[in-house]
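Asks: In the working numbering, the protein residues as written are 423 to 614.
Even glycine gets a Cβ: it sits at the ideal position worked out from N, Cα and C.
Since this is a predicted model, take the numbers as computed values, not measurements.
There's a structure below that I have some questions on.
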Amino acid sequence: MRGPLGPLLGRSAPPEPVLDRLFALADVAGPLAAATGFTPGGTGAVAHRSVEGGPFGAFARTHREVLRLLRSGAAPEVETCEDEHGWAWIRIGRPPGTLGELPGDLHMVNALLQEGGFGPYLLCSVVCFERGPARLGLVHLYRRGTFYPYAPLPGGRRDAGLEREAAAALAGEIPVEPDTGRWFPVRDAPGL
């Protein structure tokens with residue numbers, strides 16, 4: 423809770439997000455490929471809670487502006503979808519093999535939603551990596567400014583060994599989330 427009553431009620435303000443850490447993704451492709459064989463799959467996505475207010479509300483206007491800017495730029499693919507848990511996703515597709523402009527695209531989406539006053543509705547950003555049919559997501563926790571790997575397997579399972587291997591490979595490159603209890607599955611992330 424923000425404001426003067428927060429501390430009195432024993433509540434602290436959530437930390438301010440560290441969006442610029444998304445740019446650190448540009449340095450992870452090499453170390454991740456060397457350690458695990460995974461290369462950029464060309465897909466990234468931002469998850470956010472949908473906000474009621476109709477097509478003319480402030481959130482709808484901000485969301486349309488985000489999509490307009492993405493589509494007017496060089497992003498070849500932009501789509502939206504909603505998962506079964508009520509999270510909306512903005513998916514950005516770029517050519518696979520390199521991260522290129524994807525970190526900047528994700529940063530722009532997060533920054534515009536935050537500037538529009540919708541930061542509390544942001545959950546995470548995900549960049550997808552691939553090795554043949556296998557997928558690995560690198561998840562950025564918006565509020566913590568940290569990253570963690572997510573390796574989905576068929577049947578809703580996950581490859582914990584691969585996640586630990588990827589986290590070890592990335593430890594010197596980006597801030598890896600130390601609390602593995604916060605490594606929640608993002609099964610519905612586009613590209614995974």
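Residue range of the alpha helix (DSSP H) that P571 falls in?
Replies: Careful: P571 lies outside any alpha helix (DSSP H), inside the beta strand (DSSP E) at T568 to Y572.
Asks: Which of the three DSSP states, helix, strand or coil, is assigned to P462?
Replies: In this structure, P462 counts as strand in the three-state DSSP scheme.
Asks: Of all the options P525, P462, S472 and A455, which has the alpha carbon lying nearest to the alpha carbon of A446?
Replies: For A446, the nearest C-alpha among the options comes from P525.
Asks: Could you give the first and the last residue of the continuous beta strand (DSSP E) run that contains T502?
Replies: Start and end: E499 to E504.
Asks: Using the Cβ count rule (16 or more neighbours within 10 Å means buried), how would you classify A469?
Replies: Flag for A469 reads buried.
Asks: Say whether the region 553-561 touches the region 458-474, bearing in mind that this needs 3 or more beta-carbon pairs closer than 8 Å, one atom from each stretch.
Replies: Segments in contact, yes.
Asks: Pick from G538, P612, P600 and H562: whose alpha carbon is nearest that of R483?
Replies: For R483, the nearest C-alpha among the options comes from G538.
Asks: How about C503 and P612: are their beta carbons less than 8 Å apart?
Replies: Cβ distance < 8 Å, so C503 and P612 count as in contact.
Asks: Within its chain, find whatever has a CB closer than 6 Å to the CB of A451; leave out the 5 residues flanking it on each side and keep chain order.
Replies: If we look at A451 and ignore the five residues flanking it on each side, its Cβ neighbours are P462 and L521.
Asks: L584 and L614 - do their beta-carbons sit closer together than 8 Å?
Replies: Result no, Cβ atoms of L614 and L584 do not sit closer than 8 Å.
Asks: For A469, which three-state DSSP category applies?
Replies: Strand at A469.
Asks: Check whether the region 594-610 touches the region 571-579, taking contact to mean three or more Cβ pairs, one atom from each stretch, closer than 8 Å.
Replies: The region 594-610 is in contact with the region 571-579.
Asks: Would you mind reading off the limits of the beta strand (DSSP E) that contains V598?
Replies: Element bounds for V598: n/a, residue is neither H nor E.
Asks: Can you tell me which of the three DSSP states R604 falls into?
Replies: If DSSP states are grouped into helix, strand and coil, R604 belongs with the helices.
Asks: Under DSSP, the beta strand (DSSP E) around F445 begins and ends at which residues?
Replies: Note, F445: premise wrong, no beta strand (DSSP E); not H, not E.
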